[in-house]
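Q: Quick one: the structure is below, and I'll ask about it shortly.
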Ligand code: SF4
Ligand code: SF4
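Residue numbers (the working numbering): 200 to 575.
Structural data, given as structure tokens:
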């Protein structure tokens, strides 16, 4: 806690509302078994800006506490925990973003995403066309090294390496700001193992603190594990695609083999399975978001959510289309579109809904340490 003063979070209307509602919930405590937010709330009496930021990032916006709440509107207390925490959560992402001037992208995220991705797309196609003749662009290229007939490997790999370096720095600074801004403390390796387990299993999306509940409530008040399954498909699909890129890099530099690889080789198998999982997961998350109770949807932030889900879907889908068309004259076009989307996606990553994974893990890690200390 000694260096918390290095990052003073500002008080905002969403913080004030979160603090007000948490005072009511702390007196009521009906929802204490629903998720990690309520036990963490019960360890506090007062809620400063760091506390509300931590609680907001612990919430996974299932909506269960709204459905259960006897003080929800039209009651005069007007308790709406999911909506209030979602609004507080979104503003913490902007506060932790680096570099600071780009944090405004969160507020205009849907539009900003589309613009940046369009520019990245145009850049990829433009680079290709500037470097090769139309005959090559529309030609059929088969076998190892076929992609690099269209774009040299140094360009194709150099652009994402530069973007990734920037993204990693942005994430490290964001994490550090989260840690200092919320007053989080390292809880030791057992707490780290708890947080890893909660993340890997997405325990809280199970519908209660044990992870064995019936899932999140839908608009018809029936619970379902669909959100948990779609999150799993998206998360593990993303990890498989990352593994595909990593093994492809090893093939290139260690084995001296150039892409594209055979359909049954590891980079392609990992990428294909990961891409299909990502398509299914993101389409499912979009469906679940649309089914969510309207009263808990943060309308101003929905554009950011939808934009992120759809870009991730199209990055995956165009990767699969490229796989299907790579031995035809459409390889140049599909490669350009896929690369453009990939570059744009990674460029906006630190200012998109993607950060919810980063800060959620930070919140789970801080919470696991806090829970262990309070149990001693
Ligand atoms: S959300 Fe409502 S029912 Fe649940 S703890 Fe808060 S006040 Fe009580
Ligand atoms: S919306 Fe779900 S995760 Fe968020 S506080 Fe309510 S019960 Fe917990």
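All residues carry an ideal CB built from backbone N, CA and C; glycine is no exception.
Let's test the definition: count the other Cβ atoms within 10 Å of the Cβ of residue 448 and tell me whether it reaches 16, buried, or not, exposed.
A: The sequence position of residue 448 within the chain shown is 249, counting from 1. The residue is exposed, with fewer than 16 neighbouring Cβ atoms inside 10 Å.
Q: State the beta-bridge partners of residue 423 as determined by DSSP.
A: For the purposes of this step, residue 423 is taken as residue 224 along the chain shown, with counting starting at 1. Answer is 415, bridged to residue 423.
Q: Tell me whether residue 277 counts as near ligand 1, meaning its Cβ is closer than 7 Å to at least one heavy atom of that ligand.
A: In the chain shown, the residue the question calls residue 277 occupies position 78. No, the Cβ of residue 277 stays beyond 7 Å of every heavy atom of ligand 1.
Q: Let me confirm a value: residue 260 is counted as buried when at least 16 other C-beta atoms fall within 10 Å, else exposed. Which label applies?
A: Indexing the chain shown from 1 puts residue 260 at position 61. The residue is buried, with at least 16 neighbouring Cβ atoms inside 10 Å.
Q: Can we say the stretch 445-462 touches the stretch 476-490, given the rule of at least three CB pairs closer than 8 Å?
A: Segments in contact, no.
Q: Whole angstroms are fine: how far does the CA of residue 537 sit from the CA of residue 323?
A: The residue labelled residue 323 in the question sits at position 124 within the chain shown. The residue labelled residue 537 in the question sits at position 338 within the chain shown. Taking the straight line from one Cα to the other gives about 9 Å.
Q: For the alpha helix (DSSP H) containing residue 576, name the first residue and the last one.
A: A query on residue 576 cannot be resolved here, the shown segment of the chain reaching from 200 to 575 and no further.
Q: Specify which residues have a beta carbon nearer than 6 Å to any heavy atom of ligand 1, listing them in chain order.
A: Result (chain order): 223, 224, 227, 228, 229, 230, 264, 267, 268, 269, 270, 278 and 280.
Q: Indicate the three-state DSSP secondary structure (helix, strand or coil) for residue 463 in the structure shown.
A: Numbered from its first residue, the chain shown carries residue 463 at position 264. DSSP places residue 463 in coil when its eight states are reduced to three.
Q: Would you mind reading off the limits of the alpha helix (DSSP H) that contains residue 545?
A: Residue numbering aside, residue 545 sits at position 346 when the chain shown is read from its first letter. Here the alpha helix (DSSP H) through residue 545 covers 530-547.
Q: Is the beta carbon of residue 349 closer than 8 Å to that of residue 531?
A: The residue given as residue 531 occupies position 332 in the chain shown. The residue given as residue 349 occupies position 150 in the chain shown. Against a cut-off of 8 Å, the Cβ pair of residue 349 and residue 531 comes out as a contact.
Q: Just to confirm, is the Cβ distance from residue 545 to residue 363 under 8 Å?
A: For this step, residue 545 is matched to residue 346 along the chain shown. For this step, residue 363 is matched to residue 164 along the chain shown. Contact: yes.
Q: Starting from residue 264 and walking both ways along the alpha helix (DSSP H), at which residues does that stretch end?
A: Within the chain shown, the letter at position 65 stands for residue 264. Residue 264 -> alpha helix (DSSP H) spans 263-267.
Q: What number of angstroms, rounded off, separates the C-alpha of residue 511 from the C-alpha of residue 478?
A: For the purposes of this step, residue 511 is taken as the residue at position 312 of the chain shown. For the purposes of this step, residue 478 is taken as the residue at position 279 of the chain shown. Cα to Cα, residue 511 sits roughly 8 Å from residue 478.
Q: With respect to 7 Å, is the separation between the Cβ of residue 260 and the closest non-hydrogen atom of ligand 2 below this value?
A: The sequence position of residue 260 within the chain shown is 61, counting from 1. Yes; taking the cut-off as 7 Å, the Cβ of residue 260 has a heavy atom of ligand 2 nearer than that.
Q: So residue 476 and residue 432 are supposed to be a Cβ contact under 8 Å. How far apart are they, rounded?
A: On the chain shown, residue 476 is found 277 positions in, with the first residue counted as 1. On the chain shown, residue 432 is found 233 positions in, with the first residue counted as 1. Right, their Cβ atoms sit about 5 Å apart.
Q: Are the beta-carbon atoms of residue 283 and residue 220 separated by less than 8 Å?
A: Here residue 283 refers to the residue found at position 84 when the chain shown is read from its first residue. Here residue 220 refers to the residue found at position 21 when the chain shown is read from its first residue. In contact: residue 283 and residue 220 (Cβ atoms closer than 8 Å).
Q: Could you check which residue in 493, 437 and 498 has the C-alpha nearest to that of residue 470?
A: For the purposes of this step, residue 470 is taken as the residue at position 271 of the chain shown. Nearest C-alpha to residue 470: 437.
Q: Using a Cβ-Cβ cutoff of less than 6 Å, which residues in the same chain neighbour residue 201 once the five nearest sequence positions on both sides are dropped?
A: What you label residue 201 is simply residue 2 of the chain shown in a count that begins at 1. For residue 201, the pLDDT reaches just 38, beneath the cut-off of 50, and the residue's location in the model is therefore unreliable, leaving the point undetermined.
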